[in-house]
Amino acid sequence: MNAFVEAITYYISEGTPVHISNFGTFEVRKRAARVSHDVHSREKILVGEQNIPVFRAEKALKLATKQELSDEDMVIETLSNMILEVQHHD
-5 MNAFVEAITY YISEGTPVHI SNFGTFEVRK RAARVSHDVH SREKILVGEQ NIPVFRAEKA
55 LKLATKQELS DEDMVIETLS NMILEVQHHD
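Counting from -5, one number per residue, gives the positions in the sequence shown under the working numbering.
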């Protein structure tokens, strides 16, 4: 699992979105500069533009959560689809 997270972190930090079929896409988006408030002093502060990591779930994952599949069933189904896609590309 650590290698998986490290790989995603590496690629999105380089600006490359990571797409996992039937699961979703990890990418980095720019958040525009904005005015915020200091919680303690209530002063207005300017928060500069930031890069933020974003995950966008695919339809298969969204449907699986709506159907209330068990976590194990969802993982098995997602991994099976990923394996089939990899075999299809070979």
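Built from N, CA and C at the ideal position, the CB exists for glycine as well.
Given a threshold of 16 other Cβ atoms within 10 Å of its Cβ, counted over all protein chains shown, does residue 49 qualify as buried or as exposed? exposed
Based on Cα-Cα distance, which residue from 56, 43, 34 and 36 lies nearest to residue 26? 43
With a threshold of 6 Å (Cβ to nearest heavy atom), would residue 74 be considered close to the ligand SAH? The model depicted lacks the ligand SAH and carries no ligand whatsoever.
Would you mind sorting residue 9 into buried or exposed? The rule is 16 or more other CB atoms within 10 Å of its CB. exposed
Coarse secondary structure for residue 17, derived from DSSP in three states: coil
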